[in-house]
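Student: Can you read through this structure? Questions will come right after.
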Amino acid sequence: MNRRPSKSQGLSDLRAIQRAFAQGIMRPLTPGQRMKSKWIDGKPTLKFVSRFVKPNDRLNSFERIEIYNKQYWFRLLDCFYEDFPGLRTLLGEKRFHDLSIAYLTKYPSNSFTLRDLGNRLEKFLLREPAWIAPHHKLARDIVRLEWAHILAFDNAALPPLEIDDLLGGDPARLRLGFQPHLTFLACDYPVDDYILAVRRREEPRGEASNAMNERAKRKTARKLARPKPEKIWLAVHRSDYAVYYKRLAPEAYLICSALQKGFTLQAACERAFRRKKRDENFSATLQGWFAQWASFGWFCRTT
Amino acid sequence: MPANRFNNFTNYGIGIGLRVPHFQHILSRKPTVDWFEIISENFMVDGGRPLKVLDQILEQYRVVQHGVAMYLGSTDRLDREHLRRLKRLVKRTNTPWVSDHLCWGSVDGSYTHDLLPLPYTFAAAEHVAQRIREVRDYLEVPVLVENVSSYAEFHASAMSEWEFLSEVVEKADAGILLDVNNIYVSSKNHGFNPYDYLNNIPHGRVGQIHIAGHSKFEKYILDTHDHPVLDPVWKMYAHATKLIGPTATLLEWDDRIPSFDEVHHEALKAGKFCEELVREPATI
Chain A
26 MNRRPSKSQG
36 LSDLRAIQRA
46 FAQGIMRPLT
56 PGQRMKSKWI
66 DGKPTLKFVS
76 RFVKPNDRLN
86 SFERIEIYNK
96 QYWFRLLDCF
106 YEDFPGLRTL
116 LGEKRFHDLS
126 IAYLTKYPSN
136 SFTLRDLGNR
146 LEKFLLREPA
156 WIAPHHKLAR
166 DIVRLEWAHI
176 LAFDNAALPP
186 LEIDDLLGGD
196 PARLRLGFQP
206 HLTFLACDYP
216 VDDYILAVRR
226 REEPRGEASN
236 AMNERAKRKT
246 ARKLARPKPE
256 KIWLAVHRSD
266 YAVYYKRLAP
276 EAYLICSALQ
286 KGFTLQAACE
296 RAFRRKKRDE
306 NFSATLQGWF
316 AQWASFGWFC
326 RTT
Chain B
646 MPANRFNNFT
656 NYGIGIGLRV
666 PHFQHILSRK
676 PTVDWFEIIS
686 ENFMVDGGRP
696 LKVLDQILEQ
706 YRVVQHGVAM
716 YLGSTDRLDR
726 EHLRRLKRLV
736 KRTNTPWVSD
746 HLCWGSVDGS
756 YTHDLLPLPY
766 TFAAAEHVAQ
776 RIREVRDYLE
786 VPVLVENVSS
796 YAEFHASAMS
806 EWEFLSEVVE
816 KADAGILLDV
826 NNIYVSSKNH
836 GFNPYDYLNN
846 IPHGRVGQIH
856 IAGHSKFEKY
866 ILDTHDHPVL
876 DPVWKMYAHA
886 TKLIGPTATL
896 LEWDDRIPSF
906 DEVHHEALKA
916 GKFCEELVRE
926 PATI
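Residue numbers (our numbering), protein chains in the order written: chain A, 26 to 328; chain B, 646 to 929.
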């Protein structure tokens with residue numbers, strides 16, 4: 026065995042190796058799914074990786090790192106493929122594949138769980154809209170709904186407040202929390218119907234594994250008619266361990282999103298009906314909504 | 646050595662990995678299984694169906710947690726959020742031990758979601774051992790470290806993989822989750838004798854064994870977990886159990902997953918080696 030190096034020197038060496046290794050395996054593959062032969066500086070990749078990876082009698086340093094490079098992309102693309110079936114169906118396989126690589130290159134995973142892989146996709150598409158042209162609004166609506174679906178699947182469900190808990194409170198001071206699994210969306214397209222149609226055609230999601238994939242698995246996405254523009258307001262929530270999309274009236278959406286932002290009950294209701302003439306059923310409508318939302322268990326204490 | 650302080654003095658027998666395609670079968674048929682191993686990260690969530698299923702499983706079965714994202718060899722700081730969630734799950738499952746891999750997988754806050762090999766240096770061993778101690782102290786359960794399969798070696802390495810594993814667990818006073826298939830895969834990829842590996846680790850620290858299938862390619866072997874266990878791996882397993890004693894053993898099958906009965910049948914083959922040992926105790 027070699028002489029023992031000083032700890033600090035050894036750790037900085039270890040970090041340098043890990044950075045170089047990660048840089049090597051996280052670079053996108055070529056269209057032929059090989060590791061790129063040129064390194065970032067234009068010199069041969071083999072020369073770069075040979076500095077820290079040994080060859081053996083069958084594989085050179087490039088080929089050994091390439092195994093990891095391929096598995097990195099196969100694993101992440103597979104996961105992304107399963108998480109955003111709606112966006113994939115809208116764009117088609119090739120465009121979705123290219124977008125996935127661009128996104129994951131710009132925003133590598135920042136979480137220990139692959140579940141969070143798409144947590145910055147909406148932000149990415151806002152900054153680089155060319156990937157979804159000319160269906161910007163539709164694609165963004167789909168992405169927001171698909172991400173809300175992921176949150177609804179396994180975010181927390183806190184002890185719900187009953188409708189009786191809401192009665193008697195001063196609306197001018199009462200603030201209500203919503204379940205962490207609940208997301209409210211205002212969409213320009215009826216993407217709930219679209220995603221449901223897509224999901225009916227998809228197989229159930231698998232689970233994370235530490236095993237390597239032999240090759241990327243791909244199904245061919247079938248065409249689905251693009252929805253026509255139509256304003257909808259949605260609550261994406263979980264009930265009895267299943268995810269549901271519930272359409273809301275626009276005023277109901279405004280109330281819920283205002284409450285979620287921390288407005289008092291009174292301020293949220295005033296905000297919702299500010300521009301609309303209140304009819305005689307206004308009070309009954311509100312009571313009905315709140316009773317229904319409470320029955321769904323949507324309300325919880327504010328944190 | 647079936648029960649030792651590294652597996653919390655348990656004697657768990659033969660288990661299989663709890664996987665989504667088998668949920669319905671397990672919950673409806675309630676097959677007799679010694680224990681299930683879960684991938685911790687799949688259940689480190691705040692709610693929903695994963696935890697509901699886990700709670701149903703826990704009503705009937707013993708569960709052991711196996712992690713894939715602790716990255717004990719990473720030079721980033723230990724992820725406190727990860728540890729907090731892991732501890733919450735430990736309390737839920739009452740797992741007698743937790744395991745994760747002797748590897749790294751994240752750097753500068755970016756995660757590769759892979760089990761990447763370490764250079765086998767004293768500095769790396771000290772670094773990993775320190776992190777294992779931190780994790781064990783926080784979780785308050787024994788921690789087993791698993792040898793990974795690998796496809797690359799580093800110029801910087803100063804010792805063999807089994808010397809590195811031994812150095813780490815001795816420094817950390819930790820246990821070993823011995824993956825026999827991973828040893829076989831790495832031995833073929835790196836050209837060492839897998840029996841040298843088995844013979845030269847601290848056997849008293851092995852708290853669990855993994856077995857699995859792999860895939861052969863022209864120039865290397867991939868750890869795919871998508872086949873039955875191959876004969877050379879069974880032979881190594883038989884040798885390992887002679888050295889170590891009957892030890893909690895888990896069959897991993899993660900891709901192209903067949904029926905529950907097929908997976909369980911494959912796992913139970915491991916039992917015959919342990920039964921032979923009970924009939925004819927090893928004299929090593």
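From the three backbone atoms N, C-alpha and C, an ideal C-beta is built for every residue, glycine too. Treat the numbers as computed from the prediction; the structure is a model and nothing was measured.
Per the contact definition of three or more C-beta pairs closer than 8 angstroms, is the segment 674-688 of chain B in contact with the segment 150-158 of chain A?
Tutor: Result no; under three Cβ-Cβ pairs closer than 8 angstroms.
Student: Who pairs with PRO69 of chain A in a beta bridge, going by DSSP?
Tutor: Position 44 of the first sequence holds residue 69 of chain A. Answer is A:LYS63, bridged to PRO69 of chain A.
Student: Note down, in chain order, each residue of its chain lying with its Cβ closer than 7 angstroms to the Cβ of MET51 of chain A, except the 5 sequence neighbours on either side.
Tutor: Position 26 of the first sequence holds residue 51 of chain A. Counting only Cβ-Cβ distances below 7 angstroms, and skipping sequence neighbours, we find TYR97, PRO133.
Student: Looking at C-beta atoms only, is the number of pairs between the segment 894-902 of chain B and the segment 866-876 of chain B that lie closer than 8 angstroms three or more?
Tutor: Yes, since at least three Cβ pairs between the segment 894-902 of chain B and the segment 866-876 of chain B fall closer than 8 angstroms, the two stretches touch.
Student: Name the DSSP bridge partner or partners of LYS736 of chain B?
Tutor: Taking the second sequence and counting its residues from 1, one reaches residue 736 of chain B at position 91. LYS736 of chain B pairs with nothing; no bridge assigned.
Student: Extract the residue ranges of the alpha helix (DSSP H) inside the segment 833-887 of chain B, only unbroken runs of 4 or more that lie entirely within it.
Tutor: Entirely contained in the segment 833-887 of chain B, the alpha helix (DSSP H) runs reaching 4 residues are, in chain order, 839-844.
Student: Taking the alpha-carbon of ASN94 of chain A as reference, which of A:TRP314, A:SER320, A:ALA47 has the nearest alpha-carbon?
Tutor: Numbered from 1 along the first sequence, position 69 holds the residue referred to as residue 94 of chain A. The option with the nearest alpha carbon to ASN94 of chain A is A:ALA47.
Student: How many angstroms separate the CA atom of ALA127 of chain A from the CA atom of SER136 of chain A?
Tutor: The residue labelled residue 127 of chain A in the question sits at position 102 within the first sequence. The residue labelled residue 136 of chain A in the question sits at position 111 within the first sequence. For ALA127 of chain A and SER136 of chain A, the distance between alpha carbons rounds to 18 angstroms.
Student: Per DSSP, THR208 of chain A forms a beta bridge with which residues?
Tutor: As a position in the first sequence, residue 208 of chain A is number 183, starting the count at 1. For THR208 of chain A, which the question treats as bridged, DSSP gives the partners A:VAL261.
Student: Under 7 angstroms, do ARG140 of chain A and LEU150 of chain A count as touching if we go by C-beta distance?
Tutor: Position 115 of the first sequence, counting from 1, holds the residue named residue 140 of chain A. Position 125 of the first sequence, counting from 1, holds the residue named residue 150 of chain A. Contact: no.
Student: Write down the C-beta distance between VAL851 of chain B and GLY820 of chain B rounded to the nearest angstrom, noting that I regard them as a contact closer than 8 angstroms.
Tutor: As a first step, residue 851 of chain B must be located in the second sequence, where it is residue number 206. As a first step, residue 820 of chain B must be located in the second sequence, where it is residue number 175. Contact flag correct, Cβ pair sits at about 7 angstroms.
Student: Where are the alpha helix (DSSP H) runs, 4 residues long or more, that stay fully inside the segment 767-811 of chain B, in chain order?
Tutor: Within the segment 767-811 of chain B, the complete alpha helix (DSSP H) runs of at least 4 residues are 767-784.
Student: If you count every other CB in all the chains shown that lies within 10 Å of the CB of ASN739 of chain B, and 16 or more means buried, which is it?
Tutor: Within the second sequence, residue 739 of chain B is the residue found at index 94, counting from 1. Exposed, since its Cβ has fewer than 16 Cβ neighbours within 10 Å.
Student: Would LYS79 of chain A pass as an interface residue toward chain B - the criterion being a Cβ-Cβ separation below 7 angstroms?
Tutor: Within the first sequence, the letter at position 54 stands for residue 79 of chain A. For LYS79 of chain A, the answer is yes, since a Cβ of chain B falls inside 7 angstroms of its Cβ.
Student: Given a threshold of 16 other Cβ atoms within 10 Å of its Cβ, counted over all protein chains shown, does ALA618 of chain B qualify as buried or as exposed?
Tutor: Past the edges of chain B, shown from 646 to 929, lies residue 618 of chain B, and the structure says nothing about it.
Student: Terminal residues of the continuous beta strand (DSSP E) containing SER755 of chain B?
Tutor: Here residue 755 of chain B refers to the residue found at position 110 of the second sequence. Run containing SER755 of chain B: 755-761, per the beta strand (DSSP E) assignment.
Student: Taking Cβ positions, are VAL788 of chain B and ILE777 of chain B nearer each other than 7 angstroms?
Tutor: Locating residue 788 of chain B in the second sequence gives position 143, counting from the first residue. Locating residue 777 of chain B in the second sequence gives position 132, counting from the first residue. Their beta carbons are under 7 angstroms apart, which means VAL788 of chain B touches ILE777 of chain B by this criterion.
Student: If you measure from the beta carbon of HIS872 of chain B to each beta carbon in chain A, is any gap under 7 angstroms?
Tutor: Along the second sequence, one-based indexing puts residue 872 of chain B at 227. Closer than 7 angstroms: no.
Student: Using a Cβ distance threshold of 8 angstroms, determine whether the segment 650-667 of chain B contacts the segment 210-226 of chain A, with at least three qualifying pairs required.
Tutor: Because the criterion of three Cβ pairs below 8 angstroms is not met, the segment 650-667 of chain B and the segment 210-226 of chain A do not touch.
Student: Are there 16 or more other CB atoms within 10 angstroms of the CB of PHE654 of chain B, so buried, or fewer, so exposed?
Tutor: Locating residue 654 of chain B in the second sequence gives position 9, counting from the first residue. The residue in question, PHE654 of chain B, is exposed, as its Cβ has fewer than 16 Cβ neighbours within 10 Å.
Student: According to DSSP, is HIS910 of chain B part of a helix, a strand, or is it coil?
Tutor: As a first step, residue 910 of chain B is located in the second sequence; it is residue number 265 there, counting from the start. Residue state, collapsed to three classes: helix.
Student: Is the beta carbon of ALA797 of chain B less than 7 angstroms from the beta carbon of ARG89 of chain A?
Tutor: Residue mapping note: residue 797 of chain B aligns to position 152 of the second sequence, counting from 1. Residue mapping note: residue 89 of chain A aligns to position 64 of the first sequence, counting from 1. Yes, the Cβ-Cβ distance between ALA797 of chain B and ARG89 of chain A is below 7 angstroms.
Student: Determine the DSSP secondary structure at LYS271 of chain A, reduced to helix, strand or coil.
Tutor: One-based indexing of the first sequence puts residue 271 of chain A at position 246. Looking at LYS271 of chain A - three-state DSSP - the assignment turns out to be strand.
Student: According to the neighbour-count rule (16 or more other Cβ atoms, all chains shown, within 10 Å of its Cβ), is ASP759 of chain B buried or exposed?
Tutor: Walking along the second sequence from the start, residue 759 of chain B turns up at place 114. Buried, since its Cβ has 16 or more Cβ neighbours within 10 Å.
Student: Relative to the alpha-carbon of LEU201 of chain A, which residue among A:LEU170, A:PRO110, A:ILE188, A:PHE77 has its alpha-carbon at the smallest distance?
Tutor: Here residue 201 of chain A refers to the residue found at position 176 when the first sequence is read from its first residue. Nearest option by C-alpha distance: A:ILE188.
Student: HIS262 of chain A: buried (16+ other C-beta within 10 angstroms of its C-beta) or exposed?
Tutor: For the purposes of this step, residue 262 of chain A is taken as the residue at position 237 of the first sequence. When all chains shown are included, HIS262 of chain A counts as buried.
Student: Is it right to say PHE109 of chain A is buried, meaning 16 or more other beta carbons lie within 10 angstroms of its own, or is it exposed?
Tutor: Position 84 of the first sequence, counted from the start, is the residue given in the question as residue 109 of chain A. Answer is buried; the Cβ neighbour count reaches 16.
Student: Identify the contact partners of LYS697 of chain B in chain A, using a Cβ-Cβ distance below 7 angstroms as the criterion.
Tutor: For this step, residue 697 of chain B is matched to residue 52 along the second sequence. In chain order: TYR266.
Student: Are the C-beta of SER62 of chain A and some C-beta of chain B separated by less than 7 angstroms?
Tutor: Here the question's residue 62 of chain A lines up with position 37 in the first sequence. Not closer than 7 angstroms to any Cβ of chain B, the Cβ of SER62 of chain A fails to qualify, so no.
Student: Tell me, to the nearest whole angstrom, how far the beta carbon of ILE167 of chain A is from that of GLY111 of chain A; I am working on the premise that it is less than 8 angstroms.
Tutor: Counting from one through the first sequence, the residue named residue 167 of chain A turns up at place 142. Counting from one through the first sequence, the residue named residue 111 of chain A turns up at place 86. The Cβ separation is near 4 angstroms, so the contact holds.
Student: Quick check on the DSSP output: the alpha helix (DSSP H) that includes GLY313 of chain A runs from which residue to which?
Tutor: Taking the first sequence and counting its residues from 1, one reaches residue 313 of chain A at position 288. Note, GLY313 of chain A: alpha helix (DSSP H), 307-320.
Student: Please report the straight-line C-alpha distance between ASP841 of chain B and TYR829 of chain B, rounded to a whole angstrom.
Tutor: Counted from its first residue, the second sequence places residue 841 of chain B at position 196. Counted from its first residue, the second sequence places residue 829 of chain B at position 184. If you take the alpha carbons of ASP841 of chain B and TYR829 of chain B, they lie about 11 angstroms apart.
Student: Check whether the segment 311-320 of chain A and the segment 704-716 of chain B touch, using three or more Cβ-Cβ pairs below 8 angstroms as the test.
Tutor: Cβ pair count under 8 angstroms is below three, so no.
Student: Please state if the CB of GLN701 of chain B and the CB of ILE683 of chain B are separated by a distance shorter than 7 angstroms.
Tutor: Numbered from its first residue, the second sequence carries residue 683 of chain B at position 38. Numbered from its first residue, the second sequence carries residue 701 of chain B at position 56. Their beta carbons are not under 7 angstroms apart, which means ILE683 of chain B does not touch GLN701 of chain B by this criterion.
Student: By the DSSP assignment, the beta strand (DSSP E) with PHE105 of chain A in it spans what residues?
Tutor: Against the first sequence, residue 105 of chain A aligns to sequence position 80. Taken as a continuous stretch (DSSP letters only), PHE105 of chain A belongs to no beta strand (DSSP E), being part of the alpha helix (DSSP H) at 86-108.
Student: With DSSP run on the structure shown, which of helix, strand or coil describes ILE902 of chain B?
Tutor: The residue you call residue 902 of chain B lines up with position 257 of the second sequence. Three-state DSSP puts ILE902 of chain B in coil, outside helix and strand.
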